[in-house]
Structures are given as C-alpha cells and as structure tokens.
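Please read the structure below before turning to the comments.
2 protein chains.
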Amino acid sequence: MRLFVSPMAPNALRVVMLLREKRLDVPLVNIDLSSKEEKEAYRAINPLMQVPALELDEGSYVSESLTICQYLDAVSGAPHLFGESLAERTQIAMWERRAELMLFIPAVEYGHHTHPALRAAFHQFPDWAQTMRSKAMGLLPIISERLSAHPYLGGNDFSIADITGYIGCRVATFFGIPLSESAPVKEWVQRIGQRDSARNLFPTI
Amino acid sequence: MRLFVSPMAPNALRVVMLLREKRLDVPLVNIDLSSKEEKEAYRAINPLMQVPALELDEGSYVSESLTICQYLDAVSGAPHLFGESLAERTQIAMWERRAELMLFIPAVEYGHHTHPALRAAFHQFPDWAQTMRSKAMGLLPIISERLSAHPYLGGNDFSIADITGYIGCRVATFFGIPLSESAPVKEWVQRIGQRDSARNLFPTI
C-alpha cells in the first residue's frame with residue numbers, strides 16, 4: 000500500500016495520525032497538484048483530484064479520508080479507532096461526524112475564505128465565512144460538556160473522533176478562531192497534542 | 000425505538016428511506032422546532048437541535064442521520080445497505096461520502112442561501128451559493144461515469160450511497176440546479192425513484 004498526500008491537506012493529516020496511532024507502516028507519496036504533469040497522472044488515481052488517496056496492493060485506489068481511515072482500521076489489529084462493540088461504534092461515529100461537519104470542515108472553509116495567502120486559490124467570500132466561524136465556535140460548548148463526562152470524544156477510549164476533532168481545533172486556532180475558553184476542551188487539545196501520533200503533524204498549519 | 004423527524008429535513012428523509020428499504024417498523028414522531036415548547040424539550044434529545052434523532056429502547060438517543068442509518072443497518076437483517084464484504088463496504092462508504100459532501104450538502108446549502116421562502120430562516124449569501132451549485136454540478140460527470148459501469152453508486156447493489164445521492168439529486172432539482180443532462184444519471188434517478196421506498200418520500204421538496 001501507498002498513501003498519496005499533500006502536506007497542506009488537513010484531510011491527509013487525519014490518515015497520517017491514524018497510521019501513527021496504529022503503528023502501520025504505509026509509505027507516503029507527496030503529490031504536488033500545482034504541477035501540471037503530476038495533476039494529469041493523479042486524475043487516474045482520484046478523478047475528484049483530492050488528496051489523500053490510498054493505493055491498495057492489487058493496484059486499485061480508495062479515496063475520501065474517512066473511508067481510508069475506516070479501511071485501514073478494518074484491515075489491521077487493535078486499537079480499533081472506530082470502536083469495537085456496536086454501542087462504541089455508534090458513539091464514535093456520531094461524535095466523529097459532529098466534529099467533522101461542525102468543526103473540522105467549517106474551520107477549513109473559514110480559512111479558505113479569509114486567509115490572505117489563499118486569495119489566489121479560492122474565490123473568497125469573507126462575510127459568509129463568518130457563519131463558518133460561528134458554526135465551529137457553536138460546537139465548543141457541546142464538546143466541552145461531552146469532555147466533562149468522558150476522557151475522549153467517543154467515550155472511554157481514544158478514537159477517530161478525537162483525530163478529527165483535534166485536527167479541526169488546530170486548523171481553527173491557526174486561522175484565528177478562538178477555541179480555548181473552555182477548560183475541558185483546552186485540556187483535551189493539549190492531551191491529544193502530547194500523543195506520539197501528534198508530534199510534528201503540522202508542517203504548515 | 001422511535002425516530003424524531005421533520006418533514007422539511009432532507010437528512011430525516013435518508014433515514015425514512017432506509018427504514019422502508021429494510022422494512023423496519025420504527026414509529027416517526029414529528030418535531031416542530033418553530034414551537035418554543037417542543038424546542039426546549041428537544042434539547043435533551045439532541046443538544047445540536049437537529050433532526051433526525053433515534054430514541055433507543057433503553058432511553059438513550061443517537062443523532063446524525065448517517066450514524067442512525069448505520070446503527071439501524073447493524074441491528075437488522077439483510078439487505079445490508081452499508082455492504083457485506085470489506086471491499087463492498089469500502090466502495091459504498093466512499094461513494095456515500097462523495098454523494099453527501101459534494102452533492103447532497105451543496106444542494107441543501109444552495110437552497111438555504113437562495114430560496115426566497117428561506118430568507119427569514121437563514122442569513123443568505125446568494126453569491127457564495129453559486130459555488131455550491133458548481134460543486135454539485137461538478138460531481139455529475141464523476142457519478143455519470145460510475146453509473147455507466149455499475150448499476151448502483153456503490154457497485155452491484157442498492158446501498159446507502161444511492162439513498163444519499165438520490166435525495167441529493169431531488170433536492171438539487173427542486174432548488175433549480177440542473178442535473179438531467181447525463182443519460183446514466185437521469186436513468187438512475189428515475190430507477191431509484193420507482194422503488195417503493197421512494198414513494199411519496201417528499202412531502203415538501
């Protein structure tokens with residue numbers, strides 16, 4: 000297997016963090032989508048032109064970062080970051096989605112639509128982006144309440160929900176969305192950030 | 000079990016369609032989130048104030064429509080709409096995400112930000128909404144290519160990817176995003192629309 004990534008893509012970092020948590024040795028291949036040649040070759044790997052993509056040993060490809068994580072979790076041993084029992088799997092899936100749809104994606108969108116360095120890459124709508132900022136900030140009290148009762152977003156164990164939530168928080172902070180007012184959230188971000196899997200995870204953000 | 004829904008919520012329709020496909024008899028409870036009283040009571044069910052939510056027999060709740068679908072598929076018999084083998088599950092998950100993130104959600108967002116009747120409910124950014132329209136339309140050639148080679152989005156069998164994709168197409172069409180130029184997409188929408196599970200699925204859209 001090989002994983003096609005770009006150091007600028009927060010979605011790729013989710014897979015990288017999962018690989019490290021599970022101590023899976025999958026080589027990373029950096030793709031430069033600003034190069035016309037690499038872009039053309041990549042179209043056969045993922046017609047949506049997004050990283051990451053996972054090349055399987057038989058030569059087929061899986062894309063969509065969460066699907067790649069799910070696949071890697073299924074073909075490898077414990078810890079299972081999508082949970083074991085149905086109750087665990089359901090809680091983890093629910094919190095992963097909340098973290099993704101209401102924090103991770105809004106934080107990325109906010110950055111795309113407001114950061115001066117991304118003006119050339121995106122048609123920016125900074126006024127609309129404020130609604131993404133509010134959305135991300137709106138999830139914090141909910142996450143805070145959850146983390147007051149459980150050590151991790153998905154419950155008792157570290158899971159894919161923490162990976163998505165943690166990277167979402169880091170992206171939000173990088174783009175200037177304040178997240179640190181809640182003590183449980185602050186403690187959780189710091190605690191996840193101390194894991195081996197989080198070390199030097201962010202080359203650019 | 001009981002499912003809290005709102006007839007205006009496309010996310011709730013995904014669960015309703017899955018229930019029908021699997022012939023599961025789960026009572027639906029309509030929630031009117033414009034009523035102050037119902038809204039207050041609903042906060043304990045889902046702090047994010049979104050429908051649908053599934054009440055389990057032991058009195059706990061699951062929210063996030065896809066997580067509810069996943070749970071219901073796991074506790075019930077065949078057909079398994081998230082797939083059986085790992086290869087099937089991976090293809091279905093990948094296409095479900097593409098359909099959700101690049102068609103279903105953009106179509107809903109486009110409508111929220113452009114429909115005159117929703118002006119009071121949303122701070123509308125119609126210029127930004129055009130990017131959502133382009134995004135939804137951008138997935139069509141990819142879906143079209145997929146459906147030229149496979150009868151269903153996830154592969155050989157009807158799956159949750161078709162549910163998300165079909166409802167996404169219906170929402171897009173309702174809000175005036177043209178989807179019908181591709182023959183395979185047109186045929187697939189029509190074919191899915193003829194299933195028992197799709198009958199009178201759309202009270203409002």
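Protein sequences, first through last, are from chains A and B. Last residue of the first sequence: 204 (numbering that gives the first Met the number 0), numbering continuous. Last residue of the second sequence: 204 (numbering that gives the first Met the number 0), numbering continuous. Cβ atoms here follow ideal geometry from the backbone N, Cα and C, with glycine treated the same way. No experiment lies behind these values; they were computed from the predicted model shown.
What is the rounded straight-line gap between the Cα of residue i and the Cα of residue j?
| i | j | result |
| --- | --- | --- |
| residue 119 of chain B | residue 130 of chain A | 16 Å |
| residue 204 of chain B | residue 86 of chain B | The predicted position of residue 204 of chain B is uncertain, since its pLDDT is 45 and thus under 50; a value taken from the coordinates is nonetheless stated next. C-alpha separation (whole angstroms): 34 Å. |
| residue 68 of chain A | residue 6 of chain B | 34 Å |
| residue 134 of chain B | residue 200 of chain A | 29 Å |
| residue 90 of chain B | residue 162 of chain B | 15 Å |
| residue 190 of chain B | residue 35 of chain A | 39 Å |
| residue 158 of chain A | residue 82 of chain A | 7 Å |
| residue 78 of chain B | residue 30 of chain B | 29 Å |
| residue 84 of chain B | residue 194 of chain B | 25 Å |
| residue 215 of chain A | residue 151 of chain A | This structure cannot speak to residue 215 of chain A, because chain A is shown only from 0 to 204. |
| residue 22 of chain A | residue 9 of chain B | 40 Å |
| residue 70 of chain B | residue 64 of chain B | 10 Å |
| residue 176 of chain A | residue 48 of chain A | 28 Å |
| residue 123 of chain A | residue 56 of chain B | 47 Å |
| residue 117 of chain B | residue 114 of chain A | 30 Å |
| residue 60 of chain B | residue 39 of chain A | 47 Å |
| residue 2 of chain A | residue 149 of chain A | 33 Å |
| residue 186 of chain A | residue 178 of chain B | 47 Å |
| residue 4 of chain A | residue 192 of chain A | 21 Å |
| residue 62 of chain A | residue 88 of chain B | 13 Å |
| residue 121 of chain B | residue 28 of chain B | 25 Å |
| residue 132 of chain A | residue 155 of chain B | 41 Å |
Given a threshold of 16 other Cβ atoms within 10 Å of its Cβ, counted over all protein chains shown, does residue i qualify as buried or as exposed?
| i | result |
| --- | --- |
| residue 107 of chain B | buried |
| residue 97 of chain A | buried |
| residue 58 of chain B | exposed |
| residue 51 of chain B | buried |
| residue 20 of chain B | buried |
| residue 74 of chain B | exposed |
| residue 76 of chain A | exposed |
| residue 92 of chain A | buried |
| residue 45 of chain B | buried |
| residue 13 of chain B | buried |
| residue 42 of chain B | exposed |
| residue 198 of chain A | exposed |
| residue 11 of chain A | buried |
| residue 16 of chain A | buried |
| residue 147 of chain A | exposed |
| residue 18 of chain B | buried |
| residue 126 of chain B | exposed |
| residue 99 of chain B | buried |
Could you tell me which chain B residues have their CB closer than 9 Å to the CB of residue i, listed as they occur along the chain?
| i | result |
| --- | --- |
| residue 124 of chain A | 124, 126, 127 and 130 |
Using a cut-off of 7 Å between C-beta atoms, extract the partners of residue i located in chain B.
| i | result |
| --- | --- |
| residue 16 of chain A | Within 7 Å Cβ-Cβ: nothing; residue 16 of chain A doesn't reach chain B, min ~19 Å. |
| residue 141 of chain A | 46 and 47 |
| residue 73 of chain A | 85 |
By the criterion of Cβ-Cβ separation under 8 Å, what are the contact partners of residue i in chain A?
| i | result |
| --- | --- |
| residue 93 of chain B | 61, 62, 63 and 66 |
Chain A partners of residue i, CB-CB under 7 Å?
| i | result |
| --- | --- |
| residue 96 of chain B | 63, 65 and 66 |
Out of the options, which has the shortest C-alpha to C-alpha gap to residue i?
| i | options | result |
| --- | --- | --- |
| residue 140 of chain A | A:35, A:157, A:184 and A:174 | A:184 |
| residue 250 of chain A | A:148, A:109, A:127 and A:89 | Absent from the model: residue 250 of chain A. The displayed extent of chain A is 0 to 204, so no value can be given. |
| residue 112 of chain B | B:177, B:27, B:167 and B:128 | B:128 |
| residue 26 of chain B | B:201, B:54 and B:34 | B:54 |
| residue 174 of chain A | A:23, A:70 and A:136 | A:136 |
| residue 66 of chain B | A:177, A:153 and A:182 | A:153 |
| residue 0 of chain B | B:123, B:192 and B:24 | B:24 |
| residue 94 of chain A | A:160, A:188 and A:148 | A:160 |
| residue 142 of chain A | A:10, A:101, A:122 and A:125 | A:101 |
| residue 138 of chain B | B:4, B:156, B:150 and B:104 | B:104 |
| residue 196 of chain A | A:70, A:49, A:178 and A:166 | A:166 |
| residue 144 of chain A | A:38, A:4 and A:180 | A:180 |
| residue 205 of chain B | B:188, B:155, B:37 and B:28 | Summary: the structure shown does not reach residue 205 of chain B, with chain B confined to residues 0 through 204, and so no result is reported for it. |
Please report whether the beta-carbon of residue i lies at a distance below 8 Å from any beta-carbon of chain C.
| i | result |
| --- | --- |
| residue 140 of chain B | Absent from the structure: chain C. Protein chains present are A and B. |
Return yes when the C-beta of residue i is under 7 Å from any heavy atom of the ligand FAD, and no when it is not.
| i | result |
| --- | --- |
| residue 168 of chain B | Judged by which ligands are present, the structure shown has none, so any question about the ligand FAD falls away. |
Q: Could you name the residues of the segment 50-71 of chain A whose beta carbon sits closer than 8 Å to any beta carbon of chain B, in the order they occur along the chain?
A: 61, 62, 63, 65, 66, 69 and 70
Q: Residues of the segment 158-188 of chain B with a CB closer than 9 Å to any CB of chain A: list them in chain order, please.
A: none
Q. For the segment 97-113 of chain A, which residues have a beta carbon sitting closer than 9 Å to at least one beta carbon of chain B?
A. Residues of the segment 97-113 of chain A with a C-beta less than 9 Å from any C-beta of chain B: 97, 100, 101, 104 and 112, listed in chain order.
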